[in-house]
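Novice: Here's a structure for you.
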DNA sequence: TATGTCGCTTTGACAGGACAAACTATATAT
DNA sequence: ATATATAGTTTGTCCTGTCAAAGCGACATA
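Laid out in structure tokens, this is it:
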């Protein structure tokens, strides 16, 4: 009934206790020691065993429920979710995703300009009149084959961008280094077919299917930092996500 | 500096206090009385004014931060997010979405069978050996024009389905009426081009772009209730979502 | 002028306790 | 055998309280 579940708590660590608990449980789920469908110890027991308060345990479990790893039911207990269901779609960049997947992304900068914002971009980014933007297009490849064509606009009052750094690093990486803390993004995913130019750049047939994505990202001060319009080869990329009922 | 923000709390209501607060704030944001960028009262003050405890207020705000309506920053306060960003992608059905948008969806049942589960479906739904499935395809139209082609498999030990009810009602509606409480869904979105048959059914050109979506949904007991593979006309449908940094 | 320190404000983390509501299973009555 | 009550388990909601950490601005200092 009750799985032992050994979690180490380090009270001197700067990382919050509830997060240590969450990581511990998540780790046990991912390495298989907590199989899907298993019922966890109840909150009170776990709290006593780890010498933590119930609110702390609950906060940890709340987070795991939110990311779709656990389900709770009053009067019954907390269960590990079936293994096919995995991770929540997070605010991450293509570059990061590829690096995590061990692919080795490379980037070609196709165009770069520093210009006053066109009206529709000024609107999308809610820009003050005197702020200009960087506008550039990049080709992202993984494992040597082209994957995505990305067009972006970034306001110029937050970070200074140039051709060489964009070749070498992901955009989100550069922005984070410049002190930007992303909070939210609004994203739209659809489909289209490749026109001549896109087909040529992506090394695909004209008329082949592409996944389209438009995104606007907001930092912790509420500024719209970046907006972009990307297309991905449909045979090489799709968006995966876990939805959680609230 | 501090916006007044009048929220009515009904302590005799069965709906939790924190949720009443969240609804109150969300309402004020949506009807414009809390403009985007506004700083809210601090948690302690708001708690005192509404005669609630700080944890209750915090829980309400946590939920709104999760749904992307608010951003918090230690030492600064809590702000309403810029107005373009809104609404988390929720676990909802196409039918519900269309009805909410006032479109008047209609459904044509193209095929229907009640069969033993094929191996890959048995795997996707983690079915016991003796459970069979309903397998059916539907065409969903909105405002008279075809929009989506949907193929679904539903395990037969939870709900009894028949042709007539599927013509008249959405699948999720039928499942909810049968007492199914959805908790999670795993979803993958991509793109493809329409083959002859799809083009004909959807009243589109062969080779035109389609958005693809595969989904498996889990209920509160951890069972995989339903899996499906859908295609949407790309010129009429796209997926919109707000991502929140955790 | 520039820089660092200090204090104020606000959110973040954590504890411990109390009762309510939902679910399960067992025992009881019809 | 079939309902019906009942007790026990577990999560849900809500409270009071305490201290820490981050951000910001004012002030003092070099």
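Chains as they are written, first to last, in the numbering used here: chain A, 1 to 246; chain B, 247 to 492.
Every residue, glycine too, gets a C-beta built ideally from N, C-alpha and C.
1) At which residues does the beta strand (DSSP E) containing residue 455(B) begin and terminate?
2) Examine the Cβ distances between the segment 138-152 of chain A and the segment 223-237 of chain A and report whether three or more of them are shorter than 8 Å.
3) Please confirm whether any heavy atom of the ligand MG lies closer than 7 Å to the CB of residue 130(A).
4) Look up residue 95(A) in the DSSP assignment and say whether it is helix, strand or coil.
5) Going by DSSP, name the residue or residues bridged to residue 381(B).
6) Rounded to a whole number of angstroms, what is the C-alpha to C-alpha distance between residue 498(B) and residue 425(B)?
7) Is residue 68(A) close to chain B? Criterion is C-beta to C-beta, closer than 8 Å.
8) Could you spell out the range, first to last residue, of the beta strand (DSSP E) harbouring residue 323(B)?
9) Apart from the five residues just before and just after residue 196(A), which ones in its own chain have a Cβ nearer than 6 Å to its Cβ?
10) Is there at least one Cβ from chain A nearer than 8 Å to residue 396(B)'s Cβ?
11) Can you tell which of 297(B), 282(B), 317(B) has its C-alpha closest to the C-alpha of residue 256(B)?
12) With the cut-off set at 8 Å, would you say residue 61(A) and residue 72(A) are in Cβ contact?
13) For residue 287(B), count neighbouring C-beta atoms within 10 Å of its own C-beta (all shown protein chains included) and say buried if the count is 16 or more, exposed if not.
14) Note down the Cα distance separating residue 240(A) from residue 67(A), rounded to an integer number of angstroms.
15) Note down, in chain order, every chain A residue with its Cβ under 9 Å from the Cβ of residue 486(B).
16) Nearest-angstrom Cα distance between residue 81(A) and residue 259(B)?
17) Is the shortest distance between the beta-carbon of residue 480(B) and the beta-carbons of chain A less than 8 Å?
18) Quick check: residue 461(B) and residue 432(B), are their CB atoms within less than 8 Å of each other?
19) Please list the partners that residue 319(B) has in chain A, where partner means a Cβ-to-Cβ separation under 7 Å.
20) For residue 167(A), which residues in the same chain have their Cβ closer than 8 Å to its Cβ, ignoring the five residues on either side in sequence?
21) Please tell me whether residue 208(A) has its Cβ less than 8 Å away from any Cβ of chain B.
22) Roughly how many angstroms separate the alpha carbons of residue 422(B) and residue 406(B), rounded to a whole number?
23) Would you kindly report the start and end of the unbroken alpha helix (DSSP H) that includes residue 202(A)?
24) 8 Å is my cut-off, CB to CB: does residue 230(A) come that close to chain B?
25) On the three-state DSSP scale, how would you describe residue 371(B)?
26) Around the C-beta of residue 429(B), are 16 or more other C-beta atoms found within 10 angstroms, so that it is buried, or is it exposed?
27) Please look up how many angstroms separate the CB atoms of residue 439(B) and residue 193(A), rounded, as I've assumed it's under 8 Å.
28) When we look at the beta-carbon of residue 76(A) and count the other beta-carbons within 10 Å, is it buried (16 or more) or exposed?
29) Within the segment 276-317 of chain B, note down every full alpha helix (DSSP H) run reaching 4 residues or more, in order along the chain.
30) Helix, strand or coil: how does DSSP classify residue 74(A) here?
31) Would a check of beta-carbon distances place residue 183(A) closer than 8 Å to chain B?
32) Mind checking residue 105(A): buried by the 16 CB within 10 Å criterion, or exposed?
Specialist: Looking at the coordinates:
1) 455-465
2) yes
3) Annotation note on the ligand MG: not contained in the displayed structure, which lists no ligands.
4) helix
5) 359(B), 399(B)
6) No statement about residue 498(B) is possible, as the shown extent of chain B runs from 247 to 492 and does not include it.
7) yes
8) 323-326
9) 206
10) no
11) 297(B)
12) yes
13) buried
14) 13 Å
15) 186, 187, 188, 189
16) 33 Å
17) yes
18) yes
19) 220
20) 107, 108, 109
21) yes
22) 12 Å
23) 196-202
24) no
25) coil
26) buried
27) 6 Å
28) exposed
29) 289-296, 300-312
30) coil
31) yes
32) buried
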